[in-house]
Amino acid sequence: MAHPLTVVTGGSRGIGAATCLRLASDGHDVAVGYVRDAGAAERVVEGIRALGRRGVAVRVDTSVETDVDHLFATVEAELGQVTGLVNNAGVTGPLGRLADTGTADLRRVVEVNLLGVLLCARRAAQLMTERGSGAIVNVSSAAATLGSPGDYVHYAATKAAVDALTLGLAKELGPDGIRVNAVAPGMIDTEMHAAMGDPGRAHRAAAAIPLRRPGRAEEIAAAIAWLLSPDAAYTSGAVLRVSGGR
949 MAHPLTVVTG GSRGIGAATC LRLASDGHDV AVGYVRDAGA AERVVEGIRA LGRRGVAVRV
1009 DTSVETDVDH LFATVEAELG QVTGLVNNAG VTGPLGRLAD TGTADLRRVV EVNLLGVLLC
1069 ARRAAQLMTE RGSGAIVNVS SAAATLGSPG DYVHYAATKA AVDALTLGLA KELGPDGIRV
1129 NAVAPGMIDT EMHAAMGDPG RAHRAAAAIP LRRPGRAEEI AAAIAWLLSP DAAYTSGAVL
1189 RVSGGR
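So that you can map any letter, position 125 of the sequence shown is 1073 in my numbering, and since no number is skipped, the others follow by simple counting.
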């Protein structure tokens, strides 16, 4: 029996890296999409192989159509037929009010968080429809319903769009045997906060979270893995909130 083969974008760090390793431990072969840090991506691939599964790292800017085509072509040439996609690649830009956010930052957030998800989902849908099966998990955010005022309302807006995409695409692809779901993480303790310029942000937010702590990347990876698994065979069009109750 063939092992599932899943593409994870933004797979070199944070939630993406944790997802790659969790999927490998569950028996998936995994393609690690990354945009900058080749060394980090290769370390994730080493972890995948240490778990007994096949892995490959492919550089991809998900907002560029030719990059996305190259990603899937490379994965299928090296590892076989793609059965799953985790649309995890995303950016926030600097923290701040919308009125103070530069146009270049706005454009990059929309291009990666929405256009990139659309391009990857479209290519996966083309391949999966031909085969009559497959699963897509989009990584959304609790920000989609909280709005994130003062932090990044533009990011929240793109994640709300991802939720709408998840619902619509699940209905569109369901008759073709393809499931589409999303996971909406809350405040997760990853290096993303340092990249935004506020490394202590996740732990400061703990008081406002009912479970009184930020989440871990591995907890999001577990939710993604479940949605890709046979245990979720009747789950499609769902947005699974993993946010500590917030």
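We put the beta carbon where it would ideally sit given N, CA and C, even for glycine.
Local conformation of Pro-1123 per DSSP, three classes: Residue numbering aside, residue 1123 sits at position 175 when the sequence shown is read from its first letter. When DSSP states are grouped into helix, strand and coil, Pro-1123 belongs to the helix group.
Residues bridged to Leu-971 (per DSSP): Residue mapping note: residue 971 aligns to position 23 of the sequence shown, counting from 1. Its beta-bridge partners do not exist; DSSP assigns none.
Alpha-carbon spacing of Gln-1029 relative to Val-1023, whole angstroms: By 1-based counting over the sequence shown, the position of residue 1029 is 81. By 1-based counting over the sequence shown, the position of residue 1023 is 75. So the two alpha carbons sit approximately 8 Å from each other.
Beta-carbon separation (whole angstroms), Arg-991 vs Leu-1027, contact threshold 8 Å: Your numbering for residue 991 matches position 43 in the sequence shown. Your numbering for residue 1027 matches position 79 in the sequence shown. Not a contact, Cβ separation roughly 19 Å.
Per-residue burial, Arg-997 [other beta carbons within 10 Å of its own, 16 or more giving buried]: Counting from 1 along the sequence shown, the entry for residue 997 is found at position 49. Exposed, by the Cβ-count rule.
Range covered by the beta strand (DSSP E) that runs through Arg-1007: Position 59 of the sequence shown, counted from the first residue, corresponds to residue 1007. Start and end: 1003 to 1007.
Bridge partner(s) assigned by DSSP for Leu-1033: On the sequence shown, residue 1033 is found 85 positions in, with the first residue counted as 1. Looking at the DSSP assignment, Leu-1033 forms a beta bridge with Val-955 and Ile-1084.
Closest by C-alpha distance to Val-1006, when choosing among Thr-957, Gly-995 and Gly-975: If you number the sequence shown from 1, residue 1006 lands on position 58. The candidate whose alpha carbon is nearest that of Val-1006 is Thr-957.
Secondary structure of Val-1101, DSSP reduced to three states: Locating residue 1101 in the sequence shown gives position 153, counting from the first residue. Val-1101 falls in the helix class under three-state DSSP.
Per-residue DSSP class, three states only, for Arg-1194: In the sequence shown, residue 1194 corresponds to position 246, counting from 1. It is coil, neither helix nor strand.
Sequence-distant residues of the same chain with beta carbon closer than 6 Å to Asp-1124, five excluded per side: As a first step, residue 1124 is located in the sequence shown; it is residue number 176 there, counting from the start. Same-chain partners within the cutoff: Thr-1077.
Gly-1095, enclosing alpha helix (DSSP H) - first and last residue: Counting from 1 along the sequence shown, the entry for residue 1095 is found at position 147. Per DSSP, Gly-1095 belongs to no alpha helix (DSSP H) and is neither H nor E.
Reference Thr-1093; option with closest CA among Ala-1112, Gly-1080, Ala-1083 and Val-1008: One-based indexing of the sequence shown puts residue 1093 at position 145. Per the Cα distances, Ala-1112.
Contact between the stretch 1028 to 1043 and the stretch 1070 to 1090 (3+ Cβ pairs under 8 Å): yes
Test item: CB-CB of Leu-1159 and Gly-1192 under 9 Å: Within the sequence shown, the letter at position 211 stands for residue 1159. Within the sequence shown, the letter at position 244 stands for residue 1192. It is a contact, given that the beta carbons lie within the stated cut-off.
Alpha-carbon spacing of Asp-974 relative to His-951, whole angstroms: Taking the sequence shown and counting its residues from 1, one reaches residue 974 at position 26. Taking the sequence shown and counting its residues from 1, one reaches residue 951 at position 3. If you take the alpha carbons of Asp-974 and His-951, they lie about 10 Å apart.
As assigned by DSSP and simplified to three states, the class of Thr-1183: Residue numbering aside, residue 1183 sits at position 235 when the sequence shown is read from its first letter. In the three-state scheme derived from DSSP, where H, G and I count as helix and E and B as strand, Thr-1183 is classed as coil.
Three or more C-beta pairs below 8 Å linking the stretch 1099 to 1116 and the stretch 1170 to 1178: no
Residues of its chain near Asp-977, where Cβ-Cβ distance is below 6 Å and the 5 sequence neighbours each way are ignored: Within the sequence shown, numbered from 1, the residue matching residue 977 stands at position 29. Closer than 6 Å at the Cβ level, and outside the excluded window around Asp-977, lie His-951, Leu-953, Arg-1001, Arg-1002 and Leu-1027.
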